[in-house]
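Trainee: The structure that follows is given in the form of structure tokens.
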Amino acid sequence: MKMVYRLLWALLSVLGAVALAHVAGLVNPHEKVNGLWLVVAAACIYVLAYRFYGRWLARHVVQLDDTRLTPAVRLNDGVNFHPTNRVVLFGHHFAAIAGAGPLLGPVLAAQFGFLPGFLWLVIGAVLAGAVQDFIILVASMRRNGRSLPEIAHDELGSITGTATAVAVLFIVVVALAGLGFAVVNALYHNAWGTFTIAMTIPIGFIMGFYLQKFRPGAVAEVSVIGVVLLIAAVLFGRVVGQSSFAPWFEFERPTLVWLLGGYG
15 MKMVYRLLWA
25 LLSVLGAVAL
35 AHVAGLVNPH
45 EKVNGLWLVV
55 AAACIYVLAY
65 RFYGRWLARH
75 VVQLDDTRLT
85 PAVRLNDGVN
95 FHPTNRVVLF
105 GHHFAAIAGA
115 GPLLGPVLAA
125 QFGFLPGFLW
135 LVIGAVLAGA
145 VQDFIILVAS
155 MRRNGRSLPE
165 IAHDELGSIT
175 GTATAVAVLF
185 IVVVALAGLG
195 FAVVNALYHN
205 AWGTFTIAMT
215 IPIGFIMGFY
225 LQKFRPGAVA
235 EVSVIGVVLL
245 IAAVLFGRVV
255 GQSSFAPWFE
265 FERPTLVWLL
275 GGYG
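As structure tokens, this is what we get:
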């Protein structure tokens, strides 16, 4: 069985190398690059990095131990600490890491061609973003769910903790300003988009209430419900944008800034 797994990993490595060669123009350099090669190369690299590099980090750097209870279990109060399905946690974390780096960085890099933006996403995610988030997540778990500034305060002193808090605040402000600028311009007098985003709030409440009260643990069911409701919101948003209710969802840029702040 081990030989079969090794063969599969070897084939995946070869496929990733071939796809990366097409992306880099080493194969058929005079032809346009098919976008499918970008997807295949990125998928292969991510899977291989997760299996080997991620496993090495888990075993030798942070030394994960399945017998150690997480703060969600030890400090379970039903409010700030609550054991949650791993799929739900993955969804939360997947959305939380979509910051300025993976969103705005590739857009800027794409001005020099598709390859810099592609490499930014692949290399940045494997060697920087994923590693940083993983290390901070484990550190927080082992410090009773405390934040990075709180950990720095406990381990390095009040001065370092304060400096870390200020740095984190500055980074968050800059990141949100950059992202908010792009979103505000996209939603400016855009009733369709504004309505769709606004509907994600009641959809989120419905999914949470369903998962908490009606069908605890039914993650697949609530995911299907959420996707269906979101698609319905997108489709109905077009109807709203073309109706007499459109002015209700058309806002000036300053108003959108405040609304996005409240939404966040």
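Numbered per the working numbering, the sequence shown spans residues 15 to 278.
All residues carry an ideal CB built from backbone N, CA and C; glycine is no exception.
(1) Out of curiosity, what's the CA-to-CA distance linking R88 and G127?
(2) When you compare only the Cα positions, how much space is there between Q256 and R267?
(3) Thinking C-alpha only, which one of G222, P163 and A63 is nearest I137?
(4) Sorted by chain position, which residues of the same chain lie with C-beta nearer than 7 angstroms to P85's C-beta, five sequence neighbours on each side aside?
(5) Any chance the region 61 to 81 sits against the region 37 to 48, with 3 or more Cβ pairs inside 8 angstroms?
(6) Using CA atoms only, rank isn't needed, just tell me which of A139, L78 and V254 is closest to F108.
(7) Which same chain residues, not among the five before or five after V178, have their C-beta less than 7 angstroms away from its C-beta?
(8) Taking three-plus beta-carbon pairs below 8 angstroms as touching, is the region 240 to 250 in contact with the region 212 to 219?
(9) Looking at the unbroken alpha helix (DSSP H) that takes in D147, where does it start and where does it end?
(10) With burial defined as no fewer than 16 other Cβ atoms inside 10 Å of the residue's Cβ, what is the status of M2: buried or exposed?
(11) Buried or exposed: where does V37 fall if 16 or more other Cβ atoms within 10 Å of its Cβ makes it buried?
(12) Have a look at V75 and F184 and give me their C-alpha separation to the nearest angstrom.
(13) Answer yes or no: do A72 and A55 have a C-beta to C-beta separation smaller than 8 angstroms?
(14) Do you know offhand how far F250's Cα is from G119's?
(15) Near N90, what residues of its chain come up, given a Cβ to Cβ distance below 8 angstroms and the 5 sequence neighbours on each side ignored?
(16) Whole angstroms are fine: how far does the CA of A260 sit from the CA of A35?
(17) Secondary structure at F265, three-state DSSP: helix, strand or coil?
(18) Taking the straight line between their C-alpha atoms, what separation do you get for Q125 and V152?
(19) Out of A110, Y277, V28 and Y202, point me to the one whose CA is closest to W262's CA.
Mentor: Taking the structure as given:
(1) 50 angstroms
(2) 21 angstroms
(3) A63
(4) Cβ within range, chain order: F95, M155, N158 and G159.
(5) no
(6) A139
(7) Sequence inspection shows Thr at residue 178; the Val mentioned does not correspond to that position. L162, P163 and A166.
(8) The answer is yes - the region 212 to 219 touches the region 240 to 250, with three or more Cβ pairs under 8 angstroms.
(9) A144 to M155
(10) Here the chain comprises residues numbered 15 to 278, so residue 2 is not present and cannot be evaluated.
(11) buried
(12) 29 angstroms
(13) no
(14) Cα to Cα, the separation comes out at about 32 angstroms.
(15) H96 and P97
(16) 49 angstroms
(17) Coil at F265, not helix or strand.
(18) Using only the alpha carbons, I get a separation of about 36 angstroms.
(19) Y202
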